[in-house]
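> Protein sequences, first through last, are from chains X and U. Using our numbering, read the first sequence as starting at 8 and increasing by one per residue. Using our numbering, read the second sequence as starting at 8 and increasing by one per residue. Beta carbons are placed, not taken as given, at the ideal position from N, Cα and C, and that holds for glycine. Please read these numbers as outputs of a predicted model, since none were measured by experiment. Next up is a structure, given as structure tokens.
Protein chains: 2
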Amino acid sequence: MYATIRTQLLMTKFMSDTASRLLGSIAKPTAAFSPLYQQIKGMLVRALDEGEWKPGEAIPSEIELATRFQVSQGTVRKAVDELAAEHLLVRRQGKGTFVATHHEPKIRFRFLRLAPNSGEQQPPQSKVLSCKRQRASAEMARSLGLKAGDSVIAIRRVLSFAGKAAVVDDIFLPAALFNGLSADILTSYVGPLYGLLESKFGVNMVRADEKLTAVAATTEFSTLLGIEPDKPLLKVDRISYTYADRPVELRTGHYLTDHYYYRNSLI
Amino acid sequence: MYATIRTQLLMTKFMSDTASRLLGSIAKPTAAFSPLYQQIKGMLVRALDEGEWKPGEAIPSEIELATRFQVSQGTVRKAVDELAAEHLLVRRQGKGTFVATHHEPKIRFRFLRLAPNSGEQQPPQSKVLSCKRQRASAEMARSLGLKAGDSVIAIRRVLSFAGKAAVVDDIFLPAALFNGLSADILTSYVGPLYGLLESKFGVNMVRADEKLTAVAATTEFSTLLGIEPDKPLLKVDRISYTYADRPVELRTGHYLTDHYYYRNSLI
DNA sequence: AAGTGGTCTAGACCACGTT
DNA sequence: ACGTGGTCTAGACCACTTT
């Protein structure tokens, strides 16, 4: 099976020196060529997307993958290196390479960029206010790659640190992917939402884009956060993506930044 | 000279298989070991910091560096790869490896994360309001690694897009590093501030940390931005670093996010 | 001792840009 | 034609973890 893939790869995409040796210089390099390690990276992502290995599990060793794909260990290595840099995989020397999971202590809440002005970082408490099924708006459907009128699950929750409300989240998920998700399930679950979505629904968030603006608190948000109206809030619009860049979550957060700030690094 | 360095590296840090072959198995690996490519990366950063190669210039080819450091091309490659990933260097196939510069069109304003809600991204106009020399506050001195009472240059400017004011920046630079910087120089210069600091003062910003909060506009900022008081603004506190993680700039921006947003990617 | 990822080397050849 | 970075291979050995 893999030998077939290999041949196809080489024929359509790239002439490795091995192939040159084997086949002679028959074919010219094509206009758009993609290196072997990129193709292998793509195949690994597809395997992750199809759930061949679940979050937290080990993927096959480099040597094993190398024999499977009929390439050298170094080529597999480069593919895995990039996936590790993108946090799809986690390497552990001496143990193996694992599918990244939102349950891991070091990764938990890694998409939550709020840090306290003083004191230690601590995990938030989540209180679910509502979880309703509704029709996607036109813009929502477009962002999530849904058809107009498809169902989404709308969640509203409040995050608190040390008992003080700091964030109101409005979360929208394609109902087709998260069938059965309810307020009860959300409430009874401890840990990050993305951990739940990963374990119970097999959808692993790996990347997100955010748009930040400053807005005045509406009366709605001011009551939810226990602050006076018109107080400035940090509004965070997020689109989250799973493997292969499929958008699967829309989220708007309203952050109270009196005692917390949104941290970012520019490189 | 390089042979000496090489020997020292090997003795203190790491036993390459070459070294093992040469020296036999005399020394045991030390507790804290740093791979060769990391050491070479460090030496390259030091060279950049000392200005051995200026922004925009090419550094020596990989083969040249390999013979200099007495390692294989692959080891140099790994060091350069990491520096390219951190945007200290820029690789160009067929041409060479270059020191990253803020003048490059693709890099210009890469620390400015404001994007328009609609329409094309465009470069900002800068209007310098003041440029004064003053004493660093205690906290400022601490952040910049200065002694209490050292001089800093304080710059206030307004950035506009399509003639509309969008940002007020308050910038603080160690006077010792930027002697002679004046409002005139700032005003007569076209392009990003970091480009000027790089060309005229030899200080290249490579990394920055930001803290974002939402605040109400004071009367001061509301007049500068031409908006009503108490309007929500995005406050961005930034510390910028040059090579080897030395902090060299403190900056607070107040962003009007009516028509622009702060974009961010979580990975 | 065995298995995994991590480092390093040496050599071949490809793709890209310049001469 | 040549020099640069980019890819790929094969093999050795190191560091870390588990058996």
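Give me, in chain order, the residues of the same chain whose beta-carbon lies closer than 7 Å to that of S189/X; leave out the 5 immediate sequence neighbours on both sides.
These residues qualify, in order along the chain: C138.
> Is the CB-CB distance between R163/X and V135/X below 9 Å?
Closer than 9 Å, so yes.
> Which term fits R258/X, buried or exposed, when burial requires 16 or more other beta carbons within 10 angstroms of its beta carbon?
So R258/X ends up on the buried side.
> Around the Cβ of G202/U, are there at least 16 other Cβ atoms within 10 angstroms (buried) or fewer (exposed)?
By the 10 Å Cβ count, G202/U comes out buried.
> Taking R214/X as part of the alpha helix (DSSP H), name the residues at either end of that continuous run.
That residue, R214/X, is in no alpha helix (DSSP H); its beta strand (DSSP E) goes R214 to A223.
> Whose Cβ in chain U lies nearer than 9 Å to the Cβ of V222/X?
Here the neighbours are A221, P239 and T264.
> Around the Cβ of K238/U, are there at least 16 other Cβ atoms within 10 angstroms (buried) or fewer (exposed)?
Buried, since its Cβ has 16 or more Cβ neighbours within 10 Å.
> Can you say whether Q46/U is buried or exposed, counting buried as having 16 or more other CB atoms within 10 angstroms of its CB?
It counts as buried.
> Tell me whether the beta-carbon of T184/X lies closer than 9 Å to the beta-carbon of F168/X.
First, the amino acid is wrong: residue 184/X is Leu here, not Thr. No.
> Is the distance from the Cβ of L153/U to the Cβ of A161/U below 9 Å?
No, they are not a contact pair.
> Which whole-angstrom value is the C-beta distance of L204/X and A221/U, which I expect to be below 8 Å?
Their Cβ separation, rounded to whole angstroms, is 28 Å, which puts L204/X and A221/U out of contact at 8 Å.
> Just the C-alpha distance for N124/U and V175/U, rounded to the nearest angstrom, thanks.
If I take the Cα positions, the gap works out to 19 Å.
> Can you name, in chain order, every residue of its own chain whose Cβ lies under 8 Å from the Cβ of I274/X, other than the five neighbours on each side?
No residues qualify anywhere along the chain.
> Shortest alpha-carbon distance to Y248/X belongs to which of H266/X, N271/X and V210/X?
The option with the nearest alpha carbon to Y248/X is V210/X.
> For K134/U, report the span of its beta strand (DSSP E) as first-last.
Here the beta strand (DSSP E) through K134/U covers Q132 to R142.
> If you run the structure through DSSP and keep just helix, strand and coil, what is V97/X?
It is a strand residue.
> Cβ closer than 7 Å: which chain U residues qualify as neighbours of H94/X?
Near H94/X (Cβ distances below 7 Å), the residues of chain U are I274.
> Verify the CB distance criterion: does Y268/U have a CB-CB separation below 9 Å to chain X?
Yes, because at least one Cβ of chain X sits closer than 9 Å to the Cβ of Y268/U.
> Beta carbons nearer than 7 Å to chain U: which residues of the segment 195–226 of chain X have them?
So the close ones are R214, A215, D216, E217, K218, L219, T220, A221, V222 and A223.
> In the structure shown, what three-state DSSP assignment does R258/U receive?
Correct three-state label for R258/U: strand.
> So, helix, strand or coil for G81/X, using DSSP?
DSSP places G81/X in helix when its eight states are reduced to three.
> Would you check if there are 3 or more beta carbon pairs closer than 8 Å linking the segment 217–236 of chain U to the segment 213–231 of chain X?
Touching, yes.
> Does the beta-carbon distance from Y4/U to V87/U come in below 9 Å?
Only positions 8 to 274 of chain U appear in the structure, and residue 4/U is not among them; the question remains open.
> Can you pull the chain X residues whose beta carbon is under 7 Å from the beta carbon of F118/U, in chain order?
Here the neighbours are L273.
> Please report how far the alpha carbon of T74/X lies from the alpha carbon of L43/X, in whole angstroms.
When rounded, the distance between both Cα atoms is 14 Å.
> Tell me the rounded alpha-carbon separation between L219/U and S79/X.
Going from the Cα of L219/U to the Cα of S79/X covers about 46 Å.
> Leaving aside the five residues before and after G103/U along the sequence, list all residues of the same chain whose C-beta is less than 7 Å from its C-beta, in chain order.
Excluding positions up to five away in sequence, the list reads A65 and S68.
> Checking 9 Å against the spacing of the C-beta atoms, do V255/U and L200/U come in under that value?
Cβ atoms of V255/U and L200/U: not closer than 9 Å.
> Could you tell me how far apart the beta carbons of G63/U and F105/U are, in whole angstroms, since I believe they sit closer than 8 Å?
With 8 Å as the limit, G63/U and F105/U qualify as a contact, their Cβ atoms being about 7 Å apart.
> Let's test the definition: count the other Cβ atoms within 10 Å of the Cβ of A76/X and tell me whether it reaches 16, buried, or not, exposed.
The amino acid occupying residue 76/X in the given sequence is Phe; Ala does not appear at that position. Result: buried.
> Quick one: Cα of I234/U to Cα of K171/U, how far?
Whole-angstrom Cα-Cα distance: 11 Å.
> Residues in the same chain with beta-carbon distance under 8 Å from Y278/X, minus the five sequence neighbours each way, listed in chain order, please.
Residue numbering for chain X in the displayed model covers 8 to 274; residue 278/X lies beyond these limits and cannot be assessed.
> So which of V159/U, S133/U, E146/U and D177/U has the shortest CA-CA distance to V197/U?
The shortest Cα separation from V197/U among V159/U, S133/U, E146/U and D177/U belongs to S133/U.
> Out of R149/X, A91/X and I192/X, point me to the one whose CA is closest to K48/X's CA.
Here the closest residue by C-alpha is A91/X.
> Which word fits R270/X, buried or exposed, when buried means at least 16 other C-beta atoms lie within 10 angstroms of its C-beta?
Per the 10 Å Cβ criterion, exposed.
> Is it buried or exposed, R245/U, if we count other Cβ atoms within 10 angstroms and call 16 or more buried?
Buried, because 16 or more other Cβ atoms sit within 10 Å of the Cβ of R245/U.
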